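J.:
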Amino acid sequence: MKKHIYLIFISALLFSCGGKSNKLQFSEFEIKDRDGGTGIAVNNSGSVTINDKVIGEISKDGIFNDRNGKLIAKLTSDGVLEDKSGDSLVKVDKYGKMDNGSGMFIEWSKSGELMRGNENTGVHITPAEERSLQAASIVLYLYLSFE
105 MKKHIYLIFI
115 SALLFSCGGK
125 SNKLQFSEFE
135 IKDRDGGTGI
145 AVNNSGSVTI
155 NDKVIGEISK
165 DGIFNDRNGK
175 LIAKLTSDGV
185 LEDKSGDSLV
195 KVDKYGKMDN
205 GSGMFIEWSK
215 SGELMRGNEN
225 TGVHITPAEE
235 RSLQAASIVL
245 YLYLSFE
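Okay, so the sequence shown: first residue is 105 according to the numbering used here, each after it adds one.
#1: Assuming S249 is part of the alpha helix (DSSP H), what are its boundary residues?
#2: Could you please give the first and the last residue of the uninterrupted beta strand (DSSP E) stretch that includes L185?
#3: Between L117 and N126, what straight-line distance do the alpha-carbon atoms span, to the nearest angstrom?
#4: Which ranges does the beta strand (DSSP E) cover as unbroken runs of at least 3 residues, wholly within the region 167-229, from first to last along the chain?
#5: When you compare only the Cα positions, how much space is there between G123 and T153?
#6: Please report how far the alpha carbon of P231 lies from the alpha carbon of F133, in whole angstroms.
#7: Please classify K178 as buried or exposed, where buried requires at least 16 neighbouring CB atoms within 10 angstroms.
#8: Counting Cβ pairs closer than 8 Å, one from the region 180-199 and one from the region 231-244, do we hit at least three?
#9: Terminal residues of the continuous beta strand (DSSP E) containing K157?
#10: Within 10 angstroms of the Cβ of G160, are there 16 or more other Cβ atoms? Answer buried if so, exposed if not.
#11: Rank D137, T142, D182 by C-alpha distance to the C-alpha of T252 and give the top, closest one.
#12: Could you tell me which residues DSSP pairs with E134 in its beta bridges?
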């Protein structure tokens, strides 16, 4: 009996220490424009393509690198997206709601429409899975910042 308790304790300890903590959860998604054209696509492994050209990768650890592996931005544990220098860009909550401090929030509706306040921007995510919204906001924000 003592051996079983010891084994369970060691297993629990290894399990809790061994896993990486993921800041982002997402599955494959596409961000489409008003006409339904896909501008941005992210696959299950985090590869980001724009107009069928790979531009970088977003990891479940919240790190966005360009296609050469160079750091572009990272998500902190409190949801702040920082550039490679550590400067704050925008706060993005787990539902993809973006807050840049202006008082005007940009967020995804339940149906996957990107809303600026009450205004529909014409951009939408497919599939509209709640777990992918934070990653979608990060990718879209960075795309629009560097466009």
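Note that CB positions come from ideal geometry on N, CA and C, so glycine has one too. Owing to the predicted nature of the structure, the values given are computational and were not obtained by experimental measurement.
T.: From the atom records:
#1: Within the sequence shown, numbered from 1, the residue matching residue 249 stands at position 145. Run containing S249: 237-250, per the alpha helix (DSSP H) assignment.
#2: Here residue 185 refers to the residue found at position 81 of the sequence shown. Note, L185: beta strand (DSSP E), 184-187.
#3: Position 13 of the sequence shown, counting from 1, holds the residue named residue 117. Position 22 of the sequence shown, counting from 1, holds the residue named residue 126. Bear in mind that the predicted position of L117 carries a pLDDT of just 37, short of 50, making it unreliable; the figure below should be weighed with that in mind. The alpha-carbon of L117 is positioned some 18 Å away from that of N126.
#4: Runs found: 167-170, 175-179, 184-187, 192-196, 210-212, 217-220.
#5: On the sequence shown, position 19 is the one that residue 123 refers to. On the sequence shown, position 49 is the one that residue 153 refers to. Only weak support is given to the placement of G123: the predicted model assigns it a pLDDT of 45, under 50, and the question is left unresolved by the model.
#6: Within the sequence shown, numbered from 1, the residue matching residue 231 stands at position 127. Within the sequence shown, numbered from 1, the residue matching residue 133 stands at position 29. P231 and F133 have their C-alpha atoms roughly 6 Å apart.
#7: For the purposes of this step, residue 178 is identified with residue 74 of the sequence shown, where counting begins at 1. Label assigned to K178: buried.
#8: Using a Cβ-Cβ distance cut-off of 8 Å, the region 180-199 and the region 231-244 are in contact, since at least three pairs of beta carbons, one from each stretch, lie closer than that value.
#9: As a working note, residue 157 is residue 53 in the sequence shown. Counting along the chain, the beta strand (DSSP E) containing K157 begins and ends at 157-162.
#10: Position 56 of the sequence shown holds residue 160. Classification for G160: buried.
#11: As displayed, the chain neither begins before 105 nor continues past 251, which places residue 252 out of reach and without an answer.
#12: For this step, residue 134 is matched to residue 30 along the sequence shown. The partner list for E134 (beta bridge, DSSP) reads A145, T230.
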